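Report on the following structure.
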Amino acid sequence: MTNDDIASLIGRVSLRDRSAFSALYTNTSAKLYGICVRILKDRGEAEEALQEVYIKVWRRAERYVEGQTSAMAWLAAIARNHAIDVIRARKPASSDIDAAFDIADPAPGPERSALMQGEGRRIDACMEQLEAERASAVRKAYVDGESYQDLAELYGVPLNTMRTWLRRSLLKLRECMDNDDSE
Amino acid sequence: MMTPSSESGDYKRDEVIAGEYVLGVLALEDRRKVEARMAIDTNFAAIVHRWEDNLSGFNDAYEDIAPPTRVFPAIEQRIYPPTAAESLDVAASGGFWNSLLFWRSLAFASVLVAVGAGFVGSGLLTPRPSGKPIVAELTSKENAISLLARYDNRTGRLKVTPIAARQQEPKSLELWLIEGDEAPQSLGLLPQGGEGEIRVSPDMQAKFSAGAVLAVSLEPFGGAPNGVATGPIVVSGTARGF
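Residue numbers (the working numbering), protein chains in the order written: chain A, 1 to 183; chain B, 1 to 242.
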């Protein structure tokens, strides 16, 4: 099933089409369950999470905007966000933002558009420009939903070092992908 | 409000926070702050969505695992409450009414109508000699739809019609007919005055059949520009034969 097929199913789900919802589940649940199992590391919890994820999909289908993110990426984001919320609630991490940033206050920012400008370079090409260990920490954070604290322990570095690693890596990735966009 | 120019620091700050959110490394309270900001700042939300898209290549690392078969029935049970389905069969009046939102609105409206009836009893809605109808808009905070109740004391009739809930800008409710995968075709606006009906044009009459989907969307006042639905779907349902 292509992303376009999934996008059209999501469109029908937004119109409360039950058969479309059933088809969407049939075609995407193995992927989303895989995400929940990987992040939660517990099948029982993953099963509960999967229920919540599809209830969110049902309720939020009308908010899916084609072209903003691919349909599968949108679904995966709902599953990852839910699973990450569950583990963060289970094992609270200390607040990271306030140490360095105040996010409550929107930064006006130059009108540098964050619209999708084509896919740009694949993330893989940009990941290769990071030091191997940092690239591995970025990937592990994403795929396993590890917190800064977990990552610091795993890589045997102080918490602040891990924060610096990931924040600098994110900026490098952004720069790398933006460069590709303008080429 | 835009400041003339801001240091790239702010832009980088937003990129980092959005990226951290998508990576998933933030604490729960920070995740909620990011989501709250996304709700009010579309530019920031777009930065988050761009990271979601950029990093979605990592999703290849997730293996497919078939979930136990009991999961989907459990989801269905939570999404489609059996009571609504039962009343549907009794009413046999089509899926338009089969909407959580509608039932919620209806429950809320029933409360208000009951309150209204109380008013009648207590004389607050005492019939006036002028014979002008008495109108009440039944609203709740969450719903895009309000019900407009119009009471005509000469006939004793109370008409209850859905209208677009009052918003910052006036909106209209537009009714659409959707056949299969076709783009929605407008059947017209729901009358804002709380009375009247939609007359279906002859070319659309042919398209009314069981299986067609009827949906109501929230549109700019006066209807969707160029006949293309732009607003969120508020309620929808599949037409069935009686």
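Think of the CB as a built atom: it goes at the ideal place given N, C-alpha and C, for glycine as much as any other residue. Because the structure is a prediction, the values reported are computed rather than measured.
- Contact between A:Leu173 and B:Val25 does not hold, since their C-beta atoms are separated by about 14 Å, which reaches or exceeds 8 Å.
- With a contact defined as Cβ atoms closer than 8 Å, B:Ala164 and B:Ala149 miss out at about 15 Å.
- Looking from the CA of A:Asp42, the closest CA among A:Thr164, A:Asp144, A:Val157 belongs to A:Asp144.
- Assigned with DSSP and collapsed to three states, B:Lys171 falls in strand.
- Closest in alpha carbon position to A:Leu40, among A:Ile87, A:Asn27, A:Glu66, A:Ala23, is A:Ile87.
- Across the set A:Asp178, A:Asp5, A:Ala46, A:Leu159, the C-alpha of A:Asp5 shows the shortest separation from the C-alpha of A:Thr26.
- Taking all protein chains in view, the Cβ of B:Pro67 is crowded by 16 or more other Cβ atoms within 10 Å, so the residue is classified as buried.
- Closest in alpha carbon position to A:Gln129, among A:Ala20, A:Met162, A:Met177, is A:Met177.
- Non-local C-beta neighbours of B:Arg157 in its own chain, meaning closer than 8 Å and more than five positions away in sequence, comprise Tyr151, ordered along the chain.
- Annotated as distal: B:Leu190 and B:Val213, with beta-carbon spacing of 9 Å or more.
- Taking B:Leu55 as the centre and dropping the five residues before and after it, the same chain places the C-beta of Val22 closer than 6 Å to its C-beta, in chain order.
- Along the region 49-68 of chain B, the positions whose C-beta sits under 7 Å from a C-beta of chain A are His49, Arg50, Glu52, Asp53, Asn54, Leu55, Ser56, Gly57, Phe58, Asn59, Ala61, Tyr62, Glu63, Asp64, Ile65, Ala66, Pro67, Pro68, read in chain order.
- Residues of the region 218-233 of chain B whose Cβ lies closer than 8 Å to any Cβ of chain A, in chain order: Pro232, Ile233.
- Sequence-distant partners of A:Glu62 (beyond 5 residues in either direction) whose C-beta falls short of 6 Å from its own C-beta, in its chain, are Ser14.
- Using beta-carbon distances, A:Glu146 counts as an interface residue toward chain B, with a partner under 9 Å.
- By the neighbour-count criterion, in which a residue is buried when 16 or more other Cβ atoms sit within 10 angstroms of its Cβ, B:Asp30 is buried.
- Taking a 10 Å sphere around the C-beta of B:Pro232, we find fewer than 16 other C-beta atoms and assign the residue as exposed.
- In the three-state scheme derived from DSSP, where H, G and I count as helix and E and B as strand, B:Leu148 is classed as strand.
- Taking 9 Å as the threshold, the shortest C-beta distance from A:Asn81 to chain B falls below it.
- Unbroken beta strand (DSSP E) stretches of 3 residues or longer found wholly inside the region 201-237 of chain B: 213-220, given in chain order.
- Taken through DSSP and simplified to helix, strand or coil, A:Lys41 comes out as coil.
- Per DSSP, reduced to three states, the secondary structure at B:Pro73 is helical.
- For A:Ile10, not one C-beta of chain B is nearer than 9 Å to its own C-beta.
- Following the DSSP letters along the chain, one finds A:Gly11 inside the alpha helix (DSSP H) bounded by residues 3-14.
- Boundaries of the alpha helix (DSSP H) around B:Val34: 28-40.
- Residue nearest to A:Ala20 within the set B:Leu147, B:Glu76, B:Gly222 is B:Glu76 (criterion: CA-CA distance).
- DSSP places B:Val160 in the uninterrupted beta strand (DSSP E) bounded by 157-164.
- For A:Ser147, no beta strand (DSSP E) segment is defined, and its DSSP state is neither H nor E.
- In terms of Cα proximity to A:Tyr54, the closest of B:Arg37, B:Ile40, B:Phe72, B:Asp64 is B:Phe72.
- In the three-state DSSP reduction, A:Thr161 falls in the helix class (H, G or I).
- In the structure shown, B:Gln185 falls within a strand segment according to DSSP collapsed to helix, strand and coil.
- Within chain B, the C-beta atoms nearer than 7 Å to that of A:Arg122 come from Gly57, in chain order.
- At least one CB atom of chain B sits nearer than 9 Å to the CB of A:Arg88.
- When the beta-carbon positions are compared, A:Ser70 and A:Ala7 come within less than 9 Å of each other.
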